[in-house]
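Taking our numbering, I'd label the letters of the sequence shown as residues 16 to 394. Notes follow the structure.
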Amino acid sequence: MVAYSSDSSVIIVGAGVIGLSIAWRLARRGVRVTVFDKGRAGSGASHAAAGMLAACTELEPGEEWLLPLNRRSQQLWPAFAAELESAAGLPVDLREEGTLHVALNADEQARLRHHLALQEKTGLPVTWLSGREVRDREPMLAGATGAVWSPQDHQVDNRKLAAALRAAATGAGVDLREETPVERILVADGRAAGVEAGGERHEASVVVLAAGAWSRGIGGLTPDARPPVRPVKGQMLALGMDAANPLIRHVVWASGVYLVPRRDGRLIVGATAEERGFDDRLTAGGILSLLQNAWRALPGVEELPLIETWAGFRPGSRDDAPILGPGPVDGLVYATGHHRNGILLTPVTADIVSRFILDGALDALARPFALERFRPVAA
Ligand code: FAD
Ligand code: GLY
């Protein structure tokens with residue numbers, strides 16, 4: 016139970032898209048909010064991501080239980096983007112062309128059709144396109160033999176999203192403390208009492224843990240209260256297309272790669288998924304496989320300039336699903352573990368967590384995602 020009252024305040028640990036969106040929602044309702052980040056706001060996974068809102072394309076076997084949350088957030092996106100752009104006065108470049116997951120040979124086609132059967136069984140709005148229908152939409156995908164078409168899987172520019180959230184949150188009165196790492200969460204008599212950050216104590220009646228891949232390492236919590244989140248490294252690169260005449264307009268997935276065209280002509284090529292702790296070095300093998308797979312699907316990339324390479328850390332929980340809502344410490348609220356879908360899940364997380372803090376009511380959609388699910392079962 017969260018004991019928020021009008022004279023209390025909220026501290027949020029982490030100024031990624033998750034922490035900032037919760038802060039914005041709370042501040043608009045008149046809550047006093049302070050957000051701490053160890054670096055610059057939006058410089059973690061929220062900067063590294065591709066910005067796909069891919070609830071249908073990214074469905075994995077065994078992860079059907081994530082669909083209600085993922086699909087709700089996907090549906091919230093258009094209104095969320097419009098409201099944020101208006102509050103921040105900044106664009107987030109929500110693009111609604113949809114996603115093509117292409118096959119380039121018979122094996123890949125069989126695999127995609129198998130996956131399509133799962134997507135259809137769960138009621139997702141996806142259809143099969145022939146090679147000719149793919150080329151009608153994207154002529155440069157010359158080798159495509161077919162594709163799964165996901166007309167509702169859109170994209171947003173995640174870097175612009177983070178900048179807009181920062182502007183909207185601070186504009187609504189959020190006190191943003193950058194370059195100020197939280198060393199520990201203060202717990203007194205079983206309740207969250209604030210944080211120690213930059214060597215100082217800061218009191219609050221509610222603390223939200225939204226530190227992405229670093230969430231497990233924040234001090235002050237007993238083992239049962241530390242979220243089981245680890246970094247899942249992703250290497251990425253960006254190529255430069257002609258913005259007026261881009262090679263592709265849809266988000267495109269192919270074996271071992273995805274391609275995300277931005278309005279400014281950048282073509283985001285991603286991503287590896289590696290268990291390497293916080294080692295952020297790029298590897299020849301990682302970049303090679305991304306470029307090779309991108310070239311296989313879209314040979315025209317060969318001529319494009321390479322304009323940026325980077326690596327980021329997805330916050331992956333033990334079951335790769337988010338951790339939302341209350342836990343064993345009264346007044347400590349979790350908003351972490353968003354793994355591959357944190358950009359997609361920003362609107363629904365902001366709604367669920369801010370409403371929980373304000374009203375004490377946890378949305379039924381969030382109940383499967385409580386920290387409690389990791390508690391060992393008594394023998
Ligand atoms: P972060 O953005 O990492 O923010 C956490 C913040 O906490 C950081 O700013 C960090 O500095 C701060 N912090 C850490 N420790 C402390 C401390 N001690 N004190 C204070 N602050 C602290 N998701 C999608 O939906 N679509 C995609 O296409 C997509 N592509 C991705 C591609 C890659 C390569 C990666 C790495 C991720 C991708 N994701 C995608 C996942 C998405 O980026 C994340 O799930 C999301 O950004 C998580 O947001 P966050 O705010 O929880 O974490
Ligand atoms: N959702 C894409 C990624 O995590 O790479």
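Note that the Cβ used here is the ideal one computed from N, Cα and C, for glycine as well. Here the structure is a predicted model, which means the values were calculated and not measured.
Spatially closest choice to residue i from the options, by CA coordinates
i           : options               : result
residue 360 : 176, 255 and 308      : 176
residue 268 : 61, 123 and 301       : 123
residue 113 : 50, 289, 71 and 125   : 71
residue 185 : 341, 35 and 385       : 35
residue 61  : 39, 171, 78 and 136   : 171
residue 354 : 338, 329, 348 and 341 : 329
residue 351 : 385, 300 and 373      : 385
residue 324 : 381, 116 and 251      : 251
residue 103 : 42, 243, 180 and 117  : 180
residue 116 : 147, 165 and 365      : 165
Residue i, buried or exposed, once every other Cβ within 10 Å from all chains shown has been counted against 16
i           : result
residue 218 : exposed
residue 356 : buried
residue 92  : buried
residue 16  : Confidence is the limiting factor: at residue 16 the pLDDT is only 45, short of 50, which leaves the residue's position unreliable, though a coordinate-based value still follows. Looking at its Cβ environment, which holds fewer than 16 other Cβ atoms inside 10 Å, residue 16 is exposed.
residue 149 : buried
residue 51  : buried
residue 246 : buried
residue 369 : buried
residue 294 : exposed
residue 375 : exposed
residue 26  : buried
residue 154 : exposed
residue 197 : buried
residue 80  : exposed
residue 392 : exposed
residue 168 : buried
residue 265 : buried
Heavy atom of ligand 2 within 8 Å of residue i beta-carbon
i           : result
residue 69  : yes
residue 173 : no
residue 329 : yes
residue 64  : yes
residue 265 : no
residue 273 : yes
Start-to-end residues for the alpha helix (DSSP H) that takes in residue i
i           : result
residue 175 : 173-186
residue 253 : Unbroken run through residue 253 is the beta strand (DSSP E), 244-255; no alpha helix (DSSP H).
residue 130 : 121-136
residue 371 : 361-374
Limits of the unbroken beta strand (DSSP E) element including residue i
i           : result
residue 217 : 215-218
residue 323 : 321-332
residue 190 : 190-192
residue 24  : 24-28
residue 241 : No beta strand (DSSP E) contains residue 241, which DSSP labels as neither H nor E.
residue 230 : Note, residue 230: premise wrong, no beta strand (DSSP E); not H, not E.
residue 203 : 197-203
Ligand 1 heavy atom lying under 8 Å from the CB of residue i
i           : result
residue 358 : yes
residue 155 : no
residue 169 : no
residue 136 : no
residue 92  : no
residue 29  : yes
residue 353 : yes
is_contact[residue i, chain D] using C-beta, thresh 9 Å
i           : result
residue 387 : The displayed structure is made up of one protein chain only, and chain D is not part of it.
Touch check for the region 142-156 and the region 87-95: three-plus C-beta pairs under 8 Å? Touching, no.
Would the region 218-233 and the region 22-33 be scored as touching if the rule is three or more Cβ pairs under 8 Å? Inter-segment contact for the region 218-233 and the region 22-33 is present: three or more beta-carbon pairs are separated by less than 8 Å.
Can we say the region 93-106 touches the region 56-73, given the rule of at least three CB pairs closer than 8 Å? The region 93-106 vs the region 56-73: no contact.
Does the pairing of the region 320-338 with the region 150-170 give three or more beta-carbon distances under 8 Å? The region 320-338 vs the region 150-170: no contact.
May I ask you to verify whether the region 227-242 touches the region 269-276, counting CB pairs closer than 8 Å and requiring at least 3? Judged by Cβ distances under 8 Å, the region 227-242 makes no contact with the region 269-276, as fewer than three pairs qualify.
Spell out a yes or no on whether the region 40-54 and the region 183-200 are touching, meaning 3 or more CB-CB pairs, one atom from each, closer than 8 Å. Yes, since at least three Cβ pairs between the region 40-54 and the region 183-200 fall closer than 8 Å, the two stretches touch.
Taking one C-beta from the region 203-215 and one from the region 327-342 each time, how about it: are there three or more such pairs within less than 8 Å? They do not touch, by the three-pair rule.
Using 8 Å as the threshold, is the region 276-290 in touch with the region 252-259, meaning 3 or more CB pairs across them? Between the region 276-290 and the region 252-259 there are three or more C-beta pairs closer than 8 Å, enough to call the two in contact.
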